[in-house]
Amino acid sequence: MKILLWRYFALFTVILVAVVSLVCYGVLSNAYSAQAKNHITSVGNNLTAVVDGQINMPPEDVVRIMNSYAASEGIEAFLVGFSGEAYIATADTPDDWDAVVSDMQNRVNGWTLTRAVIYHEGNMLNYASCLIYNGRQCYLLVRYPLSILVSSVRSMQIYIIIIAAVAIVLSFIISYILAQRISRPIKNMSATAARMAEGDYSVNFASAEYQEIAQLSDTLNYAKDEIKKSEDFQKELLANVSHDLRTPLTMIKAYASMIEEISGNDPVKRSKHLHVIIDEADRLTGLVNDILNASKVSAGLSELNKKVFNLTEFIYSIMNKFEYLQQTSGYKFFVDIDADMYTLADEEKIGQVVYNLISNAVNYTGEDKSVYVSLKYIPEQNRIRFAVRDTGKGISEEEINHIWDRYYRSKDMHTRPVKGTGLGLNIVKIILQAHSFDFGVNSEEGKGSTFYVDFPEVSSRPDNV
Ligand code: ADP
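Per the numbering used here, the sequence shown runs over residues 4 to 468.
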């Protein structure tokens, strides 16, 4: 990856530098020749305008004027007669004067007042025009030596090439460093991921200076923590479940043996023992159901099947399942439920929610064995709040954020041996989140907890929907 990145970076900068240098190079060459042409044209035109048609202008004045226009940048000006003689000149005629004149006459190609030409001759840029001075037809020849300009442009062009070469070398070095800086954290990350894949969860994905890579490493750290948590939880669950399964199984076996050996013929004892077996079998069923439900709900196997139903009646029907506790174990249920409340939800899943919350309250309530169940309409919010309150020891602040996690169980010893898998509240959470219902818990240590769910109120009856 480093090499690839480096190659791309380097290629990009090389192209960039090459394009910029070429443009500068080209602009410079064109600009200087265009500028030279403009300059000589303006000098030539001005001189022609001043000298042309003059009758009594002394040659010294012409030289002065010529110098004032032409002397800069080594420009030379000549008034040339038809036979090639220079009447007036700002400089000595060059050695090849005859060739210069005949070339000029060829270019001008016949004397006409309006004619002016600009042309190159070796390193010279020449301007020639036709004019009449002191009643004589003659040529004005202005010569601009480009050698100085050309050499300064050349040296600038050489500088551009040197700068471009240095820039390319620098770009190679910088892009190598950059590529290394980008690829290093990714390389580290992949090494860390490989260690994690081998089961080492103590690894840590190091952060990086690039935001995206830092985000990626945060996400990977989060994923790693979650995988670790899930693995720990699963180990714990396996231990819990096997323990929880073993206890009722041992009981069932023990009581079955007792019936076989002792109480088989004693109807009273036998029925008592059979009851224990039935209770323990129920516990087993509950446990297995919880595990199955949790995996079913979280795997999203079952989709929501929403419909309008009478929540009031529904809650009563679930509470009936707990009636036996009232009779057999002395639990007290205090109920405050508004009549005929309707809501729109998946009835079966909401049944699981209500059942789990009430059975938790039963499991965790205090010595008074009281559970308060309420269903109240809140008109301002057009919601129905279902709440279950117990009088147990409550939930500590650090635990309260975890109780909804999968497999989470309080590490504390409970007042009564509480059987559970740590799946109940997780199932509740998944179902309520799928419905987008508000839910939560208020708890005060030592006083108990209130779990609540807000259902949307639907005033219409099912047949109107
Ligand atoms: P469990 O099968 O252990 O009851 P849950 O998911 O239903 O699993 O609950 C997770 C944990 O939340 C419980 O182990 C317990 O510590 C805590 N909890 C749940 N309901 C109550 C409650 N009404 N009062 C106090 N703690 C509770």
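By construction, the Cβ of each residue, glycine as well, lies at the ideal position given by its N, Cα and C atoms. Everything numeric in this text was worked out from a predicted model, so none of it was measured.
Here H405 is exposed. Its C-beta has fewer than 16 other C-beta atoms within 10 Å.
Your pair F312 and V357 does not check out as a contact, with CB atoms roughly 12 Å apart and the cut at 8 Å. The C-beta of E215 has fewer than 16 other C-beta atoms within 10 Å across all chains shown, which makes the residue exposed. Taking a C-beta distance under 8 Å as the contact criterion, R110 and A92 do not qualify as a contact pair. DSSP places Q140 inside the beta strand (DSSP E), whose first and last residues are R139 to P148.
Shortest Cα-Cα distance from S45 to any of K309, V120 and E283 involves V120. When rounded, the separation of the alpha-carbon atoms in L14 and Y28 is 21 Å.
Between the C-alpha atoms of P148 and N126 there is a straight-line separation of about 6 Å. In the structure shown, G113 adopts coil according to DSSP, grouped into three states.
Between L347 and K309, the C-beta spacing is below 8 Å. Contact between I171 and V22 does not hold, since their C-beta atoms are separated by about 12 Å, which reaches or exceeds 8 Å.
If you look at T51, you'll find it in the alpha helix (DSSP H) that goes K5 to V54.
Judged by pairs of C-beta atoms under 8 Å, the region 172-190 touches the region 206-220, as three or more such pairs exist.
One alpha carbon belongs to L181, the other to T16, and they sit about 13 Å apart. Look at the region 325-389 and you find these whole runs of alpha helix (DSSP H), each 4 residues long or longer: 326-332 and 350-367. Taking a cut-off of 8 Å on C-beta distances, the region 316-333 does not touch the region 283-295, as fewer than three cross pairs fall below it. When DSSP states are grouped into helix, strand and coil, V206 belongs to the coil group.
Taking 8 Å as the cut-off, the beta carbon of L287 is found closer than this to the beta carbon of L248. Per DSSP, S266 lies in no beta strand (DSSP E) and is assigned neither H nor E.
For the pair of segments examined, the region 63-77 was found not to touch the region 96-112: the number of CB pairs separated by less than 8 Å stays below three. Straight through space, the alpha carbons of V391 and V431 are spaced by roughly 13 Å. Short note on S452: C-beta closer than 7 Å to some heavy atom of the ligand ADP. Burial state of S174 is buried, judged by a 10 Å Cβ sphere holding 16 or more other Cβ atoms. Bridge pairing for T453: R392 and N445 [DSSP]. Put simply, of F442, E401 and W114 the residue whose alpha carbon is nearest the alpha carbon of L360 is F442.
Annotated three-state conformation of N129 is strand, per DSSP. If you draw a 10 Å sphere on the C-beta of S439, you find fewer than 16 other C-beta atoms in it, and that means exposed. Looking at the DSSP output, N313 shares a beta bridge with Y345. Counting the other CB atoms within 10 Å of its CB gives D393 a total of 16 or more, which places it among the buried residues. When secondary structure is reduced to three states using DSSP, V461 falls in the coil class, being assigned neither helix nor strand. By the neighbour-count criterion, in which 16 or more other beta carbons inside 10 Å mark a residue as buried, E234 falls on the exposed side.
Taking C-beta separations shorter than 7 Å and ignoring five residues to either side along the sequence, the partners of Q355 in its chain run N296, I430 and I434, following chain order. L426 has its CB nearer than 7 Å to a heavy atom of the ligand ADP.
When beta bridges are read from the DSSP output, A119 appears opposite S132.
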